[in-house]
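One structure is given here, and the rest of the page talks about it.
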Amino acid sequence: MKLGHITGRLAVALLAVGMMTAAHAELTIAYITNGNTNEGWTLINGGAKEAGKKAGVKFIELAAEKGELSKQLAIVEDMITRHVDAIAIAPVDSAGIAPAVKRALAAGIPVVAVDTNITGANVTSYVATDNIKAANVQGSWAAEQIKDGDKVVYVTGDQGQSTGQERKKGFIDALKAKHPHVKIIEVSTTWDQTQAQNGVESALRANNDIKLIACAWDGGALGAVAAMKGYGIRAGEIKLAGFDGSPGGLDMMKQGWQQANAAQMLAKIGATGVETAIAAAKKQKVEARIDTGAFLVLPSNVDKFAKDSGVAQFMKMK
Amino acid sequence: MKTLTRQEWYGALVAVLVLGIFLSIASPYFLNSRNLSNILVQASVIALLAGGQTFVILTGGVDLAVGSLTALAGAMAGYMMIKLGIDPYMAILAAFAIGAGVGLFNGYLVAFVGIPSFIVTLGGLTLWRGLAYDSTGGFDMSGLPDPFPFIGYGELFGFLPMPIVVMAVFYITMSFVLSSTKLGRYVYAIGSNEMGARQVGINVRWYKLGVYVVSGLCCALAALVLIGRMDSSSGKIAQMFELDAIAAVILGGTSLFGGRGSIIGSLLGAILITMIRNGMNLLEISQFKQMMAIGAVVIIAVWIDVVRRKRLLRK
């Protein structure tokens, strides 16, 4: 009799707990990164985590160990098993992750690509910097610094990749719109700092009237600075525009080498990615392509930008 | 016939069952047919590599280059199909030829020249990885032709995922080779007493060469399943898979000192490692803690092996 009483109570308690969990049916969002642990990705992941916390959802953060695609595939499969409400993912590989993403979409789980797009699967949304627009900002700034007919060096990224192509196009289009007769000396690289340094050295050797150097990424700007130092050029004698808003780039600005930087909003990429995934989980309509924008960092606002964006924590020049 | 509890793989079986019970309690998402089939699919590539690795380890050697060789075979097959437009079945043959060729190279250096397997395959680890990148120009090749989507994602009879079928057929074949062929018996003999094996007239060099060829062929098979599963291929696939493959063999109760172990243990070992990862994903445990857990499990498994060996020697 007493035992029955206890069992009865237990059943009521369990039922109550069950109802409570049902009432609190909170959303579960899986954020799956590519396993990169560098500064840029620390900022993107930090932004994502913050957004998850702010929205009050159950936030699962998992990463592909050592950037291994098959591990990321397995994680996506496990998250389908886990019945998460949405997935935000920074793919290790644009094409290779597609089979698993297709299965998630088929299971009714919205998938948001963060920073890198996915080819071969129709993702719910793709959240990243619009490279053409960001490079336009860089090119417009450069246009204000020179006269028509001046010589400008542009250090490219990998031209076999969309990111490299878009940044170059964005910069050159904006610059030529104002100065159609500007002479652009191209230094081709595949995102390699040493290639940038060697190329800028050759350009400096062949021309003594270069007014400005612009780079497709901050590593290229580091190479350009090394080349200028080798030629005895002092900081600021030739203007330098970076791209990325990386800690190294902003350090160069604080030292007087860089006069402008088209900064990506790294934390915002992660945050918007997760926010978009949450919105999609709530069955709200989301844009297929979301640009997280770029910010033109100048010596006048570098300290504020570094602090607000979180980049400051990685900088040497405080 | 040894009783169940005396089998080398008994420990692995217990570990799989205990972990399975624990995960069933800890996560409501673990125990369902979909997840269990996922685990087997996810385990397949490591299990195939572990199968070949078992032969090598049984002879007292080790093959550290299996991840890189998998990348080489997979990247080359992908390159031939996507960039050169070669018939997929020819590309499959080429992958096996590459696996066998590299196996011959490793085996020759270990068995005939006498370089320790650790060194030959440590060099191979970066040699074959470099060749995989170099020969394919660092390109990603995606959208593989038939039969790759079927190998990676197809289901036999509409419910049995192909990677599981491949793994099952492979393990049945390998068990047979190890238990009922000359190669199998001699592998144990060489591993437990190489000098003795030579004295009774076993051609130790040729059989040692053979195990590296087996391992190379297993890499090729693993590569075909892996690129099918990813529907793409490149030189960067299968990073650090040697670690998982060796760990699977050791967890399966095969002794790192050679001569003692079983093929079925390696299958259980591969399943165990995959279950640990799957469980940690479902329990939302972060990447760094997962890395620590896998490393710790490997050390504990070798620890048990060393203690067991000492006890055997004392008897």
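Residue numbers (the numbering used here), protein chains in the order written: chain A, 901 to 1218; chain B, 6 to 320.
From the three backbone atoms N, C-alpha and C, an ideal C-beta is built for every residue, glycine too.
Since this is a predicted model, take the numbers as computed values, not measurements.
Beta-ladder partner(s) of residue i, from DSSP
i	result
Leu1112/A	Val1052/A, Lys1139/A
Asp1191/A	Ala1028/A
Met146/B	Ser238/B
Asn936/A	BP columns for Asn936/A are empty, so no partner.
Ala988/A	Tyr931/A, Val1012/A
Ile960/A	Ala930/A
Ala1163/A	Asp1144/A, Phe1195/A
Glu1175/A	None; Glu1175/A has no bridge partner.
Val1087/A	Val1055/A
Leu161/B	Leu165/B
Sequence-distant residues of the same chain with beta carbon closer than 7 Å to residue i, five excluded per side
i	result
Leu273/B	Trp14, Ala17, Leu18, Val21, Gly257
Leu36/B	Ser29
Leu328/B	In the structure as shown, chain B begins at 6 and stops at 320. Residue 328/B is therefore absent and cannot be evaluated.
Gly1148/A	Asp1118, Leu1122
Trp1157/A	Val1125, Ala1135, Leu1140
Ser49/B	Pro168, Ile169, Val171, Met172, Val230
Chain-ordered neighbours of residue i on chain B, where CB pairs are closer than 7 Å
i	result
Arg982/A	Tyr34, Leu287
Beta carbon proximity, residue i to chain D, threshold 8 Å
i	result
Pro999/A	The structure shown has no chain D; the protein chains it does contain are A and B.
Close beta carbons around residue i, own chain, < 6 Å, minus the five adjacent residues each side
i	result
Ile304/B	none
Ser1102/A	none
Gly233/B	Phe153, Ile156, Gly157
Gly284/B	Leu28
Val1014/A	Ala988, Ala990, Val1027, Gly1173
Asn1036/A	Gly1070, Ala1074
Minimum C-alpha distance to residue i - residue among the options
i	options	result
Ala986/A	Pro1199/A, Gly1132/A, Ser1025/A, Ala998/A	Ser1025/A
Ala1160/A	Ala1206/A, Ala1141/A, Ile1110/A, Val976/A	Ala1141/A
Ala96/B	Asp151/B, Gly142/B, Asp145/B	Asp151/B
Gly1049/A	Ile929/A, Asp1144/A, Ile1084/A	Ile1084/A
Gly254/B	Leu41/B, Thr64/B, Leu9/B	Reading the sequence as shown, one finds Val at residue 254/B and not Gly. It is Thr64/B.
Gly266/B	Leu226/B, Arg314/B, Gln292/B	Arg314/B
Asp1151/A	Ile1178/A, Met1165/A, Ile1110/A, Ala1121/A	Ala1121/A
Gly1119/A	Val1082/A, Lys1111/A, Asp1058/A, Pro1080/A	Asp1058/A
Ala1188/A	Ile1113/A, Ser1062/A, Ala1021/A	Ala1021/A
Met167/B	Tyr94/B, Ser42/B, Ala100/B, Ser260/B	Ser42/B
Leu969/A	Phe60/B, Lys241/B, Leu287/B	Lys241/B
Leu317/B	Phe262/B, Met146/B, Ala105/B, Ala298/B	Phe262/B
Gly66/B	Asn208/B, Gly112/B, Leu74/B	Gly112/B
Ala1074/A	Val1100/A, Ala1043/A, Gln1061/A	Ala1043/A
Gly940/A	Gln1164/A, Asn1201/A, Gly1193/A	Gln1164/A
Val1027/A	Phe1205/A, Thr1192/A, Arg1105/A	Thr1192/A
Gln47/B	Asp993/A, Glu961/A, Ala974/A	Ala974/A
Leu183/B	Val219/B, Asn208/B, Val209/B	Val219/B
Asp1109/A	Gly1099/A, Thr981/A, Val1053/A, Lys1076/A	Val1053/A
Thr1016/A	Leu1005/A, Pro1010/A, Val1037/A, Asp1030/A	Asp1030/A
Interface partners of residue i on chain B, CB under 9 Å
i	result
Leu973/A	Gln47, Arg234, Met235
Glu939/A	Going along chain B, no residue has its Cβ under 9 Å from Glu939/A, so there is no contact; the nearest lies around 17 Å.
Chain-ordered chain A contacts of residue i [CB-CB under 9 Å]
i	result
Met245/B	Glu965, Lys966, Glu968
Tyr138/B	What Tyr138/B touches in chain A: nothing, since even the nearest Cβ is about 13 Å away.
Asp145/B	Asp993, Ser994, Ala995, Gly996
Asn43/B	Ala974, Glu977, Asp978, Ile980, Thr981
Ile87/B	Neighbours of Ile87/B on chain A: none; closest Cβ ~11 Å, over 9 Å.
Interface residues of chain A facing residue i [CB-CB closer than 7 Å]
i	result
Gln292/B	Gly935, Leu962, Ala963, Glu965
Gln295/B	Glu965
Met40/B	For the sequence presented, residue 40/B should be read as Asn rather than Met. Per Cβ cutoff of 7 Å: Thr981.
Leu74/B	Neighbours of Leu74/B on chain A: none; closest Cβ ~16 Å, over 7 Å.
Leu231/B	Ser970
Proximal residues of chain A, C-beta to C-beta of residue i below 8 Å
i	result
Gly2/B	Beyond the ends of chain B as shown, which are 6 and 320, falls residue 2/B; an answer cannot be given.
Tyr158/B	Pro999
Arg282/B	Lys971, Ala974
Gly50/B	First, the residue type needs correcting, since residue 50/B is Val and not Gly in the sequence shown. Under the 8 Å cutoff, chain A gives Ser970.
Same chain only: Cβ atoms within 8 Å of residue i, ignoring 5 sequence neighbours per side
i	result
Ala100/B	Ala78, Gly79, Met81, Ala82, Ala225, Ala228, Leu229
Leu222/B	Gly57, Phe101, Gly104, Ala105, Gly108
Ile44/B	Ile276, Thr279, Met280, Asn283
Ala252/B	Gly274, Ile278, Ile299, Val302, Val303, Ala306
Ala923/A	In this predicted model, Ala923/A has a pLDDT of only 40, less than 50, meaning its place in the structure is not dependable; the value taken from the coordinates is given anyway. Correct list: empty, nothing qualifies.
Is it true that the stretch 87–99 of chain B meets the stretch 181–198 of chain B, where meeting means three or more beta-carbon pairs spaced less than 8 Å apart? no
Do the stretch 1058–1074 of chain A and the stretch 1093–1111 of chain A make contact, defined as three or more Cβ pairs closer than 8 Å? no
How do the stretch 274–287 of chain B and the stretch 45–65 of chain B stand: do at least 3 beta-carbon pairs fall below 8 Å, yes or no? yes
Counting Cβ pairs, one atom from each stretch, are 3 or more of them under 8 Å apart for the stretch 202–213 of chain B and the stretch 103–110 of chain B? no
Inter-stretch contact at 8 Å, needing at least 3 Cβ pairs: the stretch 977–993 of chain A / the stretch 1203–1214 of chain A: no
Are three or more beta carbon pairs between the stretch 1164–1172 of chain A and the stretch 943–950 of chain A nearer than 8 Å? yes
For the 8 Å Cβ check, are there 3 or more pairs between the stretch 1041–1056 of chain A and the stretch 1172–1182 of chain A? no
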